[in-house]
């Protein structure tokens, strides 16, 4: 039996537009869980396992999913769908999402349970209460709608227990930010549209937002956005921040800043490699190498502002790497690292649009050595010594 979703929805919409652009869309874990639940409840009510099973997404698309698992037993039915993330490099691509449906007590409605491989919320700040299975609000809505549709067609009450599980989900979750967000035991069932847009990195950006929510709920007054593991270690060494104050910013500086603009935390440290933060200094909010480039001419101009000779500025403009440029300037006593950090800080403040967030920036080299930093003059927002250097 085929384990992949049909290559596209019955309708057109966003998924159809993506296919016409040459990018194959995929399906969220929430869409897969909805399809599996609809198939399992249909079988439980005597309608057999529909294969493929068609669901309706929030924007009206109607994708069809083939079933990889069909199991019936007294009082329950289980169906499974293999997630197809399309052309998106999604860690959950190929994961088997299962739904086991049981009849619930009259009037109970749809009750969600976390089966093996699906996490449980253990920290406040997420859009789910502590103790709830990590099935996000939109997938819950989709599943409730699918249950109601099946109940109307086959004479059910719609009172069911839906246990969602993901094969090897706990292992896969170690490669996500769930543990840091306080989602333990497995993956989250995610999705707002049901469609995975290739290379939109929506799951990463959503994790950034949830990380800020968790930090705020924990009462953190200082958070840090790091571009990678080395910069994160530097931040921890500098400030002793706890894990739930560390945001997995990666290349998405804009996502951190825009969400903090609406949901401020008193202090933000941005820490990253010099090359990436030179892009932020130039006004780029997406620091990925495929979507923004280091402006060496701009670095040369900045070096001149810092006192570089024309000969040094020319070497900066011709440098093989941004790191070579900052090292050349440091050897000549030109504080290019600090200048880039200050420009990056100015970009961040511009995005924050006056939100009550104090910002400092730390630039590092590949070994984690600090090569530049910028901070507001005056007392630190945490009440300690001044942070200007």
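Residue numbers (the numbering used here): 384 to 772. Backbone N, C-alpha and C fix where the C-beta goes; we use that ideal spot for every residue, glycine too. Computed from a predicted structure; not experimentally measured.
Run of the alpha helix (DSSP H) containing residue i, from where it starts to where it stops
i: residue 595; result: 585-600
i: residue 726; result: 719-735
i: residue 610; result: It is not in any alpha helix (DSSP H) - residue 610 carries neither H nor E in the DSSP assignment.
i: residue 755; result: From DSSP, residue 755 is part of no alpha helix (DSSP H) but of the beta strand (DSSP E) over 753-757.
i: residue 742; result: Taken as a continuous stretch (DSSP letters only), residue 742 belongs to no alpha helix (DSSP H), being part of the beta strand (DSSP E) at 741-747.
i: residue 697; result: 693-700
i: residue 638; result: 636-645
i: residue 427; result: 412-427
i: residue 681; result: 679-688
i: residue 527; result: 520-537
i: residue 657; result: 657-664
i: residue 705; result: 705-714
For residue j and residue i, the rounded distance between their alpha carbons
i: residue 637; j: residue 537; result: 48 Å
i: residue 403; j: residue 469; result: For residue 403, the pLDDT reaches just 43, beneath the cut-off of 50, and the residue's location in the model is therefore unreliable, leaving the point undetermined.
i: residue 539; j: residue 522; result: 21 Å
i: residue 772; j: residue 741; result: Reliability fails at residue 772, whose pLDDT of 25 lies under 50, so the model's placement of it is uncertain and the value that follows must be treated cautiously. If you take the alpha carbons of residue 772 and residue 741, they lie about 15 Å apart.
i: residue 506; j: residue 621; result: 26 Å
i: residue 437; j: residue 413; result: 14 Å
i: residue 687; j: residue 747; result: 21 Å
i: residue 752; j: residue 712; result: 15 Å
i: residue 685; j: residue 508; result: 41 Å
i: residue 754; j: residue 559; result: 30 Å
i: residue 578; j: residue 717; result: 49 Å
i: residue 708; j: residue 696; result: 9 Å
i: residue 483; j: residue 669; result: 41 Å
i: residue 649; j: residue 665; result: 25 Å
i: residue 597; j: residue 690; result: 44 Å
i: residue 535; j: residue 541; result: 8 Å
i: residue 595; j: residue 739; result: 15 Å
i: residue 563; j: residue 626; result: 7 Å
i: residue 734; j: residue 423; result: 47 Å
i: residue 731; j: residue 450; result: 47 Å
i: residue 743; j: residue 694; result: 31 Å
i: residue 667; j: residue 553; result: 36 Å
i: residue 729; j: residue 659; result: 15 Å
i: residue 590; j: residue 646; result: 15 Å
i: residue 639; j: residue 432; result: 44 Å
i: residue 651; j: residue 628; result: 10 Å
i: residue 488; j: residue 456; result: 18 Å
i: residue 611; j: residue 601; result: 23 Å
i: residue 653; j: residue 662; result: 13 Å
Bridge-paired residues (DSSP) for residue i
i: residue 460; result: 455 and 484
i: residue 605; result: 650
i: residue 548; result: 481
i: residue 497; result: 547
i: residue 567; result: 503
i: residue 631; result: Answer is none; residue 631 lacks a bridge partner.
i: residue 436; result: 448
i: residue 555; result: DSSP, once it has assigned bridges, lists no residue as partnering residue 555.
i: residue 465; result: 479
i: residue 579; result: 409
i: residue 473; result: None; residue 473 has no bridge partner.
i: residue 516; result: 503
i: residue 669; result: 635
Nearest candidate by alpha-carbon position, reference residue i, set the options
i: residue 680; options: 692, 667, 701 and 668; result: 701
i: residue 703; options: 682, 692 and 571; result: 682
i: residue 642; options: 736, 446 and 420; result: 736
i: residue 467; options: 699, 562 and 446; result: 446
i: residue 479; options: 617, 461 and 674; result: 461
i: residue 613; options: 600, 631, 604 and 592; result: 631
i: residue 715; options: 705, 496, 692 and 433; result: 692
i: residue 775; options: 409, 545 and 671; result: Any answer about residue 775 is impossible in this case: the structure gives the chain only from 384 up to 772.
i: residue 531; options: 443, 439, 444 and 604; result: 439
i: residue 421; options: 645, 634, 409 and 459; result: 459
i: residue 408; options: 453, 481 and 576; result: 576
i: residue 465; options: 488, 486, 671 and 419; result: 419
i: residue 452; options: 435, 444, 443 and 441; result: 435
i: residue 674; options: 616, 635, 533 and 719; result: 635
i: residue 481; options: 586, 415, 488 and 678; result: 415
Where the beta strand (DSSP E) through residue i begins and ends
i: residue 446; result: 446-448
i: residue 407; result: Looking at the DSSP string, residue 407 is not in any beta strand (DSSP E), and its letter there is neither H nor E.
CB contact below 8 Å: residue i versus chain B
i: residue 736; result: The chain inventory of the structure shown lacks chain B, comprising one protein chain alone.
### Query
Any contact of the region 527-547 with the region 478-498, i.e. 3+ C-beta pairs under 8 Å?
In short, these stretches touch, since the Cβ pair count reaches three.
### Task
Assess, as a yes-or-no matter, whether the region 497-513 is touched by the region 544-551 under the definition of 3 or more beta carbon pairs within less than 8 Å.
Because the criterion of three Cβ pairs below 8 Å is met, the region 544-551 and the region 497-513 touch.
### Query
Would you call the region 743-758 and the region 709-724 in contact, with 3 or more CB pairs under 8 Å?
Touching, per the Cβ criterion.
### Query
Are the region 556-575 and the region 473-482 in contact at 8 Å, needing three or more beta carbon pairs?
Because the criterion of three Cβ pairs below 8 Å is met, the region 556-575 and the region 473-482 touch.
### Task
Could you say if the region 416-432 and the region 508-517 meet the contact criterion of at least three C-beta pairs nearer than 8 Å?
The answer is no - the region 508-517 does not touch the region 416-432, with fewer than three Cβ pairs under 8 Å.
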